[in-house]
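Participant: In short: position in the sequence shown from 1, add 7, done, that's this note's numbering.
Quick reminder that beta carbons are idealized off the backbone N, C-alpha and C, glycines included.
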Amino acid sequence: MVSYGFLKREFELAVRKGFVKYFPKILRIKQVGMFKIIVVTTKREKRPRGSEEEVLRRLEKGITTIVGNETKWAIVFNQYPLLPVQLLIISFEEGKLTRRPQRLKEKDLEITELAKKLKGRIFFNSLGAGATQNFLHFQCIFEQLPVETILHPGYPASFIVLANFAQERKNLWKKILKLQAQNVPFNLLITPENVFIFPRRKEKSASIPWRRIGALEMAGVWCIRPEEEERINFKLLLKALKEVSLPLNSLPF
């Protein structure tokens, strides 16, 4: 089992080698209504001191996990993390890192088992819903998110929640397939217990136009810079999530 402590040590090594280009430092954490606000600053390395290939070769031995019959997942460190330990998860196909577009296939849902093994929160941003790179990747953090503990009717973002059981995977895939067929952007949050689907109307909100809103924000966590702190408040976040969410009665299923 890969432990959080092991991953944290590997992350610190990746920073020293220069693979992680931004190192976030948490200044303070605030609870604003149902939302968690994490004020962070970042320290940028002047230049990488180790190639991505070097780090990938090293991490492949200790952190790569094989899940199911078809997919091998490379677990590496996000070069531009929002939180101190944030993983990037990329699948292998035919012995190489996947470079296909940020669009899911049914076999990719084996990632739900990885959430259980890592005891983390894995999230997926589709294009138009927070993805900044168009190659298949997931991300993982290690803390409970606000949406997990809030009753469905009281949450501002639209979402569907399914149990993270192998028996539910077909049902999950049917919903994702229909969203992708209709080009509806969406986010996934995969916990050891559940899978949340956040259907999206758009990527940015008129309330916070300078920010691209992804799965973390949809799940209730906002990592902000110190200069944003005075501009962001509960009503603004509430309005932003409502603006970017696609109402459930508008879904193609």
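Using CA coordinates, which residue listed in Ala122, Val168, Glu235 and Arg208 is at the minimum distance from Trp217?
Facilitator: Within the sequence shown, residue 217 is the residue found at index 210, counting from 1. When only C-alpha atoms are compared, the closest one is Glu235.
Participant: Should Glu150 be flagged as near chain C, meaning a C-beta pair shorter than 8 angstroms?
Facilitator: Of the protein chains in the structure, only one exists, and it is not chain C.
Participant: From Phe145 to Ile97, what does the alpha carbon distance come to, in whole angstroms?
Facilitator: The residue given as residue 145 occupies position 138 in the sequence shown. The residue given as residue 97 occupies position 90 in the sequence shown. For Phe145 and Ile97, the distance between alpha carbons rounds to 7 angstroms.
Participant: Taking one C-beta from the region 170-180 and one from the region 238-253 each time, how about it: are there three or more such pairs within less than 8 angstroms?
Facilitator: Cβ pair count under 8 angstroms is below three, so no.
Participant: Buried or exposed, going by whether 16 or more other CB atoms sit within 10 Å of the CB of Ala122?
Facilitator: Against the sequence shown, residue 122 aligns to sequence position 115. Label assigned to Ala122: buried.
Participant: Identify whether Trp180 lies in helix, strand or coil by the three-state DSSP scheme.
Facilitator: Counted from its first residue, the sequence shown places residue 180 at position 173. Note: Trp180 maps to helix in three-state DSSP.
Participant: Give the DSSP-derived three-state secondary structure of Thr198 in the structure shown.
Facilitator: Translated into the one-based positions of the sequence shown, residue 198 becomes position 191. In this structure, Thr198 counts as coil in the three-state DSSP scheme.
Participant: Extract the residue ranges of the alpha helix (DSSP H) inside the region 109-184, only unbroken runs of 4 or more that lie entirely within it.
Facilitator: Qualifying alpha helix (DSSP H) stretches, in chain order: 118-125.
Participant: Within the chosen definition, does the region 151-170 reach the region 197-207 through at least 3 CB pairs nearer than 8 angstroms?
Facilitator: At 8 angstroms Cβ cutoff, the stretches touch.
Participant: Excluding the five sequence neighbours on either side, which residues of its own chain have a C-beta within less than 7 angstroms of the C-beta of Thr198, listed in chain order?
Facilitator: Locating residue 198 in the sequence shown gives position 191, counting from the first residue. The residues are Ala122, Arg128, Glu155 and Asn171.
Participant: Identify the continuous beta strand (DSSP E) that holds Leu94 and give its terminal residues.
Facilitator: In the sequence shown, counting from the first residue as 1, residue 94 sits at position 87. Unbroken beta strand (DSSP E) run through Leu94: Leu94 to Glu100.
Participant: For Phe260, name the three-state secondary structure that DSSP assigns.
Facilitator: Here residue 260 refers to the residue found at position 253 when the sequence shown is read from its first residue. DSSP places Phe260 in coil when its eight states are reduced to three.
Participant: Could you compute how far the alpha carbon of Leu20 sits from the alpha carbon of Lys32?
Facilitator: Mapped onto the sequence shown, residue 20 falls at position 13. Mapped onto the sequence shown, residue 32 falls at position 25. Whole-angstrom Cα-Cα distance: 16 angstroms.
Participant: Exposed or buried, which one is Phe193 when buried takes at least 16 other CB atoms within 10 Å?
Facilitator: Counted from its first residue, the sequence shown places residue 193 at position 186. That one is buried.
Participant: If you drop the 5 nearest sequence neighbours on each side, which residues of the same chain put their C-beta closer than 7 angstroms to that of Arg208?
Facilitator: Taking the first residue of the sequence shown as position 1, residue 208 is located at position 201. Contacts found: Val251, Ser252 and Leu253.
Participant: Can you tell me the Cα-Cα spacing of Leu255 and Val191, whole angstroms?
Facilitator: As a working mapping, residue 255 is identified with position 248 in the sequence shown. As a working mapping, residue 191 is identified with position 184 in the sequence shown. Those two C-alpha atoms are separated by around 12 angstroms.
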